[in-house]
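All remarks here apply to the structure that follows.
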Amino acid sequence: RDGLAVVSLKNGRPVCHISLTDHALYADLDQDGKLDTVQVVTSPEEFSSSPGVQSLIQKITGEKKDPPLQPADAPVICHALVTSGLPPQEELFTAPLCLGGPSMSHRPQLGLSAAAPLLVEGSMGYGNDVVFAMNNGVISRYDSNGREIWRKKGGLKDGTPYWSRSDAAFLGRIQFGSVKESHSSVSASSHRNQHRYGSPLRPILLSGEEGAALLSPASGRVLSSVAFPQPVTSQPLLGDFNGDGTYDLLVVSADGLWGYRVVVETGRSGFFRIVVVTLLIGIAISALVQKTSQQPGQYKRSFDA
């Protein structure tokens with residue numbers, strides 16, 4: 064939870080150790096060879112020992128010095144902080160995560176909380192993007208340069224899950240071994256990088272305490288949602304439970320296990336349907352014209368002069 068430790072398999076002695084921040088994402092976001100750290104800051108007390116968080120708080124509040132953080136004077140902070148290097152050497156970008164979203168006044172008991180950030184394929188064909196999900200219903204996607212790709216701020220009315228504890232929230236991708244399309248097996252990897260915003264066959268799964276939703280990676284739109292029969296006690300488990308090649312969802316409540324099968328219906332594109340219909344109409348018109356243009360007595364026998 065607090066880091067990684069490497070021990071020798073031969074004698075069990077520690078080789079090295081690295082401290083990591085809980086609920087943070089570590090990846091080479093801009094593919095420059097340096098490990099980047101992506102974290103969500105929702106209060107001044109959170110990660111207060113990190114210099115990057117302190118500078119972020121000063122930037123938001125406009126304070127020049129480091130005053131003692133008092134709960135009563137704590138500013139409302141809901142930002143992403145992305146730094147380069149480990150330990151952090153420079154700030155890549157900061158971004159607001161609750162901008163335009165509803166307030167938590169209707170659910171004051173929840174408090175402001177975020178799911179662990181999710182790394183997805185880069186929208187511009189290089190680097191990686193990051194998806195952030197807050198429990199007030201705001202979900203956003205940023206590229207490696209801090210540019211906002213899309214922002215969903217519909218709140219909780221469209222089936223977006225909510226949670227009060229960040230350890231109960233889960234943000235991930237649905238994996239596909241194979242997808243049935245037009246009576247043929249299509250590998251999910253064959254669709255990679257064919258869409259500007261990542262593979263359209265791998266929706267984003269967002270799970271909270273009382274429900275889950277599948278989101279479009281291209282726009283953040285809720286594709287499907289489900290309400291759990293009981294509040295869950297931990298993050299869900301993903302696995303192919305029925306052997307169809309697609310990850311399914313398993314959640315654990317206080318006294319039960321609940322499994323949900325994920326079904327993907329890709330269908331055909333609208334352009335393909337228009338082409339097929341146009342072709343059929345053209346063939347029908349051609350056959351009709353040819354039939355009506357033939358008049359009796361126009362055909363000659365092979366021995367006629």
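Here my numbering runs 63 ahead of the position in the sequence shown, where the first position is 1. Heads up, the beta-carbon is just placed ideally off N, CA and C, and yes, glycines get one too.
For K73, the three-state secondary structure derived from DSSP is coil.
In this structure S203 touches L160 by the C-beta definition: roughly 6 Å separates them, less than 8 Å.
Per the coordinates, the alpha-carbon of Q293 lies some 45 Å from the alpha-carbon of D95. Exposure of C79 is indicated by the presence of fewer than 16 other C-beta atoms within 10 angstroms of its C-beta. Considering only A276, P77, D65, G174, the residue with the shortest C-alpha distance to K220 is A276. For the pair L149 and L98, the CB atoms are nearer than the 8 Å cut-off.
Annotation for R214: the continuous beta strand (DSSP E) segment containing it runs 211-215. Here S71 is exposed. Its C-beta has fewer than 16 other C-beta atoms within 10 Å. With a 10 Å radius around the Cβ and a threshold of 16 neighbouring Cβ atoms, E153 comes out exposed. Taking each of W321, T100, S270 in turn and checking the Cα distance to D230, the smallest one comes out for S270. S176 sits buried, since 16 or more C-beta atoms from the chains shown fall within 10 Å of its C-beta. For P159, the enclosing beta strand (DSSP E) stretches over residues 153-159. The three-state reading of DSSP puts A68 in strand, counting E and B together.
Take R64, set aside five residues on each side of it, and the residues of its chain with a beta-carbon closer than 7 Å to its own are D85, in chain order. Pairwise C-beta distances place the region 340-356 out of contact with the region 312-327, as fewer than three of them are shorter than 8 Å. Just so you know, the alpha carbons of G164 and G200 end up roughly 7 Å apart.
Scanning its chain for C-beta atoms nearer than 6 Å, with the 5 sequence neighbours on each side dropped, one finds around G235 the residues L268, in chain order.
For V104, the closest of L88, L92, D93 by C-alpha to C-alpha distance is L88. By the Cβ-count criterion, E211 is exposed, with fewer than 16 other Cβ atoms from all chains shown falling within 10 Å of its own Cβ.
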